[in-house]
Amino acid sequence: MLKKQILPQFDFIENVAYLRYVNETSVFTCFASKAYMLEKSRVCRRPEGEPNFHVFYYLLAGADSNLKKELHFENLQDPNLFMTPLHKDEDQRRACLSWDNIYAAFQTLGIQENESKAIWYVLGAIYHLGVSSACKGSNGRLQFLRPQSAQKAASLLGCSNSGMFKYLQIDYSFVIETLIDLQETRDLSWSSDGTVEAIECLQSMVTGLYTEVFSAVIYLVNRAINGSGRSMASIHILDGPGFQNPATCGRIMGASLEDLCHNYCQERLQSYFHDSTFLTQQERYVQRGLLWLLDEESLFPGASEKTFLDKLFTNYSGKDYQQLIRKGPYNHQFTIQHFHGTNPVVYSVSGWLRNSREHPAARQVIFLLQESQNIEICLIFAGMYKSTFSSSRGVYGTSGSNSLHIDGGSTLRRSSSMRRAQGVTAAGMKRRSFPLQVKYIMDVLVDLLKRTNTQFVQCFLPRHNAGLSDGHLSPLTSKIPRAEEILNIPLLRSQVRGFQVLDTVRVHKQGFPENLMYSEFRRRFEILAAIEHRVASPVYDERQAVEHLLEHIDIDKATYRLGLSQIFFRSGTLALLESQRDQKLNGVIASFQSHCRGYLARSAINKRKVQDLAIRCIQRNVRKFLAIRSWPWWRLYVKVLPLLDVHRTEEDLRLKTEELELLKGKLDKIEKERNELKLVNDKLEAKVIISSLVVF
Numbered sequence: 001m002l003k004k005q006i007l008p009q010f011d012f013i014e015n016v017a018y019l020r021y022v023n024e025t026s027v028f029t030c031f032a033s034k035a036y037m038l039e040k041s042r043v044c045r046r047p048e049g050e051p052n053f054h055v056f057y058y059l060l061a062g063a064d065s066n067l068k069k070e071l072h073f074e075n076l077q078d079p080n081l082f083m084t085p086l087h088k089d090e091d092q093r094r095a096c097l098s099w100d101n102i103y104a105a106f107q108t109l110g111i112q113e114n115e116s117k118a119i120w121y122v123l124g125a126i127y128h129l130g131v132s133s134a135c136k137g138s139n140g141r142l143q144f145l146r147p148q149s150a151q152k153a154a155s156l157l158g159c160s161n162s163g164m165f166k167y168l169q170i171d172y173s174f175v176i177e178t179l180i181d182l183q184e185t186r187d188l189s190w191s192s193d194g195t196v197e198a199i200e201c202l203q204s205m206v207t208g209l210y211t212e213v214f215s216a217v218i219y220l221v222n223r224a225i226n227g228s229g230r231s232m233a234s235i236h237i238l239d240g241p242g243f244q245n246p247a248t249c250g251r252i253m254g255a256s257l258e259d260l261c262h263n264y265c266q267e268r269l270q271s272y273f274h275d276s277t278f279l280t281q282q283e284r285y286v287q288r289g290l291l292w293l294l295d296e297e298s299l300f301p302g303a304s305e306k307t308f309l310d311k312l313f314t315n316y317s318g319k320d321y322q323q324l325i326r327k328g329p330y331n332h333q334f335t336i337q338h339f340h341g342t343n344p345v346v347y348s349v350s351g352w353l354r355n356s357r358e359h360p361a362a363r364q365v366i367f368l369l370q371e372s373q374n375i376e377i378c379l380i381f382a383g384m385y386k387s388t389f390s391s392s393r394g395v396y397g398t399s400g401s402n403s404l405h406i407d408g409g410s411t412l413r414r415s416s417s418m419r420r421a422q423g424v425t426a427a428g429m430k431r432r433s434f435p436l437q438v439k440y441i442m443d444v445l446v447d448l449l450k451r452t453n454t455q456f457v458q459c460f461l462p463r464h465n466a467g468l469s470d471g472h473l474s475p476l477t478s479k480i481p482r483a484e485e486i487l488n489i490p491l492l493r494s495q496v497r498g499f500q501v502l503d504t505v506r507v508h509k510q511g512f513p514e515n516l517m518y519s520e521f522r523r524r525f526e527i528l529a530a531i532e533h534r535v536a537s538p539v540y541d542e543r544q545a546v547e548h549l550l551e552h553i554d555i556d557k558a559t560y561r562l563g564l565s566q567i568f569f570r571s572g573t574l575a576l577l578e579s580q581r582d583q584k585l586n587g588v589i590a591s592f593q594s595h596c597r598g599y600l601a602r603s604a605i606n607k608r609k610v611q612d613l614a615i616r617c618i619q620r621n622v623r624k625f626l627a628i629r630s631w632p633w634w635r636l637y638v639k640v641l642p643l644l645d646v647h648r649t650e651e652d653l654r655l656k657t658e659e660l661e662l663l664k665g666k667l668d669k670i671e672k673e674r675n676e677l678k679l680v681n682d683k684l685e686a687k688v689i690i691s692s693l694v695v696f
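Under full-length UniProt numbering, the letters of the sequence shown match residues 1 to 696, in that order.
Have a look at this one:
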């Protein structure tokens, strides 16, 4: 879980949940969750003043002594590149409570102890890698500044230092060739000893580790709560991170590439909200724009953030784009007017070209985990990758066109013009292009929403610094917050305008937002008319039948309109008709209930009659037994009968026991061989899948 300054209550991911139910009684049969666009770079490059992923703080503060000993958490005072432990007593107590909740949730989901340990081992290894740090050695190879911490990380991952180096050194020349062209425009100072390049490799490995462990958690959760029952319908819940504007929180350096991607997603969702509320259903969006330019620029040798900005302003320098994209206050910044020009965001392009492509070290992490000597890690990641490769690990594929334009206001929209629309799938997958992945993910999600009956829930940020975190010790104060610290009225107004809430309410009130098919309306509300005014079956003209029905129903003509195949109602009219229908059905339901109660009463009487007959039969047999139990021959028969089969029973029992022990030994031997072969098979299949993907 992650909380941000401008995102106090949501994970910084696009999350889709699937709920499937059997029938109209809403009996749920299964649940599944998918996560897209995890801000994985936060695990190693978090913005100033914001925390890392909270699970690290929970683990450091809440783990018991045995787990801390297994994770080598004896000394937590060493500096860490990626996180700072909590200092406030209140924060530590809250973290311990959250850790207990996580541990209890794992037990509730039926996650086994060895599987949960594999998760904690990888998280502990990430922490120790942050302590170890990295630099470039005299032989041109990467080395750790604190080898003891690196050895702890390798031990948790189930490999040696040399084994971990093998994956860190992969394509090391690629790092130099790809990143050296960015030297002029990056904020980092490139050292002559190659420290920056070494840290880049370490950060990429840590990013890959956290991505894999996050995917493993999603896999374990879906395995526990997913079902196989038959379903008639499904509910899709899309939870996005919302609009990101770091400038409102005091971050003057500008928004990051991840902020741009999430704002792009929010614009796509807002565009779909606008179309579904104010416009008719349109064809699928086809657009390429800012993200496509970034992907193109990252491929050119010698390209930099400066050339990317020059190309951006060259392509969008016309009058139509003056209100949409403008130059920023600094040379490496530009401004985009989001949400119909109501929310300007300043973006800083420092490091964008580097972050838009996946580092080779991150791709090799899965091989490291699958070849781990730690049996817990090996089992969970080998099986997880094979079974969830195509469903829960992210989506890559096609994107749309390559132009931004204005549509009714200063907002980002998709253009109908397409340039090289086909072929983006293979290009995005081969290059591991982050911008193309974002575009394809939103294509998939918007298409999914278009096939559903969508209901929107708009969430508003109450103030600009909501959720601001501080990990340093500070004295407790009892100062009463001011009104502007509780609720930021201008910020709320800006969000209301950007989300078009008032326009939506106005359209909903003045229009005809509710509708039903003619056949559905006649089936549900035909009971409101008298029997002699109901249309007899079969019905050949549904519209004419509905018009005849409306003439004999108490409804104002101004509250509905007839279409070609549907009837449209003003807001609240359908609820009024439902209330009248419920009143009509009360008598029918009461009569039906009386018949049901009569049937149940008669069934109970018949059951009592059968019971009375059975009781009388038992009583008669008991009287017969009492009459003969004192006879001498009956006593002899009762005593001799059990002795006849004693010897034969003991011999049969001995033979069955010997046979059972023999079969049990064979079963244990076969089960052991099966588990060993299954583990080897999972490893080989996972290697084949990953190797084919890397080659592709």
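Where is the CB? At the ideal position from N, CA and C, for every residue including glycine.
Backbone secondary structure at residue i - three-state DSSP
i: ARG463; result: coil
i: GLN143; result: strand
i: ASN374; result: coil
i: VAL535; result: coil
i: GLU676; result: helix
i: ARG635; result: helix
i: GLN244; result: coil
i: ASN453; result: coil
i: ASN80; result: coil
i: PHE28; result: strand
i: GLU514; result: strand
i: LYS88; result: coil
i: ARG629; result: coil
i: TYR316; result: coil
i: VAL349; result: coil
i: TYR560; result: strand
i: ALA233; result: strand
i: LEU238; result: strand
i: ASN681; result: helix
i: PRO344; result: strand
i: ARG524; result: helix
Cutoff 6 angstroms; reference residue i; Cβ partners in own chain excluding five residues on either side
i: LEU156; result: TYR121, GLY124, ALA125
i: LEU487; result: PRO462
i: ILE199; result: ALA134
i: PHE339; result: GLY498
Burial state of residue i (16 or more Cβ within 10 Å)
i: HIS128; result: buried
i: residue 703; result: Lying outside 1 to 696, the shown extent of the chain, residue 703 is not represented and no answer is given.
i: GLU39; result: buried
i: TYR316; result: buried
i: HIS595; result: exposed
i: GLU197; result: buried
i: ALA233; result: exposed
i: ASN80; result: buried
i: PRO360; result: buried
i: PRO538; result: exposed
i: PRO642; result: exposed
i: ASP556; result: exposed
i: PHE592; result: exposed
i: TYR440; result: buried
i: residue 747; result: This structure gives no information on residue 747, because the portion of the chain shown stretches from 1 to 696.
Cβ neighbours of residue i in the same chain (closer than 8 angstroms, five flanking residues each side left out)
i: residue 698; result: A query on residue 698 cannot be resolved here, the shown segment of the chain reaching from 1 to 696 and no further.
i: VAL206; result: VAL43, CYS44, PHE82, ILE126, LEU129, GLY130
Residues near residue i in its chain [Cβ-Cβ closer than 7 angstroms; skip 5 each side]
i: THR559; result: PHE569, ARG570, THR573
i: VAL496; result: LEU502
i: HIS552; result: ALA529, ALA530, HIS533
i: HIS508; result: SER571
i: MET516; result: Before going further, note that residue 516 is Leu rather than Met in the sequence given. Here the set comprises GLN566, ILE567.
Cβ separation of residue i and residue j, assumed to be a contact under 8 angstroms, to the nearest whole Å
i: ALA61; j: ALA95; result: 4 angstroms
i: VAL221; j: ILE119; result: So it is not a contact: roughly 12 angstroms between Cβ atoms.
i: GLN270; j: PHE499; result: 7 angstroms
i: LEU585; j: PHE525; result: That belief does not hold up - the Cβ atoms of LEU585 and PHE525 are roughly 11 angstroms apart, past 8 angstroms.
i: LEU257; j: LEU445; result: Rounded, the Cβ-Cβ distance is 20 angstroms, inconsistent with contact.
i: CYS378; j: GLY158; result: 7 angstroms
Exercise for the section: With a floor of 4 residues, list each alpha helix (DSSP H) that falls wholly inside the stretch 99-136, ordered by position along the chain. Expected result: Within the stretch 99-136, the complete alpha helix (DSSP H) segments of 4 residues or longer fall at 113-132, listed in chain order.
Handout entry: Entirely enclosed alpha helix (DSSP H) segments - the stretch 31-78, minimum 4 residues
Key = Whole alpha helix (DSSP H) segments, 4+ residues: 54-62, 65-70.
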